[in-house]
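In the numbering used here, the protein residues as written are 452 to 907.
Spelled out as structure tokens, the structure:
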């Protein structure tokens, strides 16, 4: 019997005009790409304004992300659309500014910090289950748009671990609401991503995009200011916000100012909430598509009443399933770098200033690297091919010095939430509502992911 393949967006024709490509790209990155990229080691894209090169060859990816990251800083083009919300956050900076920010941020995510934040994650998972119970009891079999629920749960995790407040807190709830407005109004790229504009020229953003970003930053500023006052008074809780705000740069002795902290909290919320919500929603859909795996996770999670941190190491099936979901649906589908030196990749001369694109979406499904690249197979991680690809072709959190600071948190949060949900609910897909992956801020479904839940 042929296995049903997980949904994949259609590829565009191999050759289209520049303006057709720009239009497709602004609508959805994934379906704007040709099929050949799933086999190519490298591909070039030329416009009147810049040159772009996608690299899928593992040793070239390693060269850019691991061996010489300073020679390939983040491209400023892609950041243009995110500036209103993220300011000068660690996600957008390069060079010494970025290094200073990471020196202050990284200690808060090292050592035993994951163990310390685990109770907050468990509380968020239990709150998510309670919300789902309420919806199932009142909905009487009505389908649930699960991305809405996973967004709520991921935002709850962020606020509990960062500021020790649940999503029901007035400010947290308002940040979450306004962020949804921002997400819906902001295309992943604005025109400055395609046409180089001088720094003095004003960037054009939709009015509702600017307003949503300003509202979010205002609310975060309020939280940050209150926390700085509590730190000064000696009454601040020992959470991630306190840890980051009291950490000094070992080289300069400086701490983050209020404005700098607002920038960082904005990216923590964007990266930690948006990406986790995407990953969990797709994983739950895959469990509806493959009920045998759903059953295995439910059985594995049967003793998760109020899980201690040691339980995380026992969630092996959940971890492998979540890892496979991240392979098929990496939340961040593309990463864009800019070379600062003349390069020669695969017989191509690449002039300084060109864009070098690394696409987890294509790398994770590359037909010359992976066995059964489009299939769902969590057992692959115990095969030689799976282990090899995990080392050099699985980068949902990027790699090298710019690897996501919260990668360890995500790999704890995802399996925990997945296990807690499947322990309590049986999930089935809704006929006629197969999700179509599209990429905006992250990989989401064009019309949402609709599932039916029933109590176990």
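We put the CB at the ideal spot given by N, CA and C, even for glycine.
Contact between the stretch 728 to 748 and the stretch 821 to 831 is present, with at least three C-beta pairs closer than 8 Å. As summarised for the stretch 776 to 864, the continuous beta strand (DSSP E) elements at least 3 residues long and confined to that stretch are 786 to 789, 794 to 796, 799 to 801 and 806 to 809, given in chain order. Three or more Cβ pairs drawn from the stretch 707 to 720 and the stretch 662 to 681 lie within less than 8 Å of each other, which places the two stretches in contact.
Residue 708 and residue 521 have their C-alpha atoms roughly 26 Å apart. Under the 8 Å Cβ criterion, the stretch 763 to 775 does not count as touching the stretch 876 to 887, having fewer than three qualifying pairs.
Short of 6 Å from the beta carbon of residue 516, and not among the five residues preceding or following it, lie these beta carbons of its own chain, in chain order: 850 and 851. With respect to the C-alpha of residue 868, the residue from 672, 629, 824 and 735 having the closest C-alpha is 735. Taking C-alpha positions only, residue 758 is separated from residue 573 by approximately 7 Å. Residue 789 and residue 795 have their alpha carbons spaced roughly 14 Å apart. Between residue 785 and residue 821, the beta carbon gap of about 18 Å keeps them out of contact (Cβ cut-off 8 Å).
In the assembly as shown, residue 464 is an exposed residue. Its beta-carbon has fewer than 16 other beta-carbons within 10 Å. It is roughly 10 Å from the alpha-carbon of residue 751 to the alpha-carbon of residue 871.
The residue from 800, 699 and 586 with its alpha-carbon nearest to that of residue 557 is 699. The beta carbon of residue 489 is closer than 7 Å to those of 813, 816, 817 and 818 in its chain, skipping five residues each way along the sequence.
Under the 8 Å Cβ criterion, the stretch 844 to 864 does not count as touching the stretch 471 to 483, having fewer than three qualifying pairs.
By the criterion of at least three beta-carbon pairs nearer than 8 Å, the stretch 597 to 616 is in contact with the stretch 565 to 585. Residue 805 and residue 835 have their C-alpha atoms roughly 36 Å apart.
The beta-bridge partner set that DSSP reports for residue 879 consists of 903. About 4 Å separates the Cβ atoms of residue 615 and residue 688, confirming a contact at the 8 Å cut-off. Assignment of residue 602 by DSSP, reduced to helix, strand and coil, places it in the helix class. Residue pairing of residue 504 in beta bridges, as defined by DSSP: 495 and 807. At a Cβ-Cβ threshold of 9 Å, residue 907 and residue 749 count as neighbours.
Ranking 467, 500 and 498 by CA distance to the CA of residue 484 puts 467 first. Beta-bridge pairing by DSSP links residue 894 to 890. A direct Cα-to-Cα measurement between residue 460 and residue 888 gives close to 6 Å. Only buried fits residue 552, as 16 or more other CB atoms lie within 10 angstroms of its CB. Excluding its 5 nearest sequence neighbours in each direction, residue 762 has C-beta neighbours in its own chain below 7 Å: 755, listed in chain order. By the neighbour-count definition (other C-beta atoms within 10 Å, threshold 16), residue 538 is a buried residue. Ranking 885, 540 and 589 by CA distance to the CA of residue 900 puts 885 first. Looking at the DSSP output, residue 595 sits in a beta bridge with 902.
Residue pairing for residue 463: DSSP places it in a beta bridge opposite 485.
By the beta-carbon neighbour count (other beta carbons within 10 angstroms, threshold 16), residue 792 is exposed.
For residue 509, the enclosing alpha helix (DSSP H) stretches over residues 509 to 513.
Residues of the same chain with a CB within less than 7 Å of the CB of residue 566, apart from the 5 flanking positions on each side, are 760 in chain order.
In this structure, residue 856 sits near residue 541, with a CB-CB distance shorter than 9 Å.
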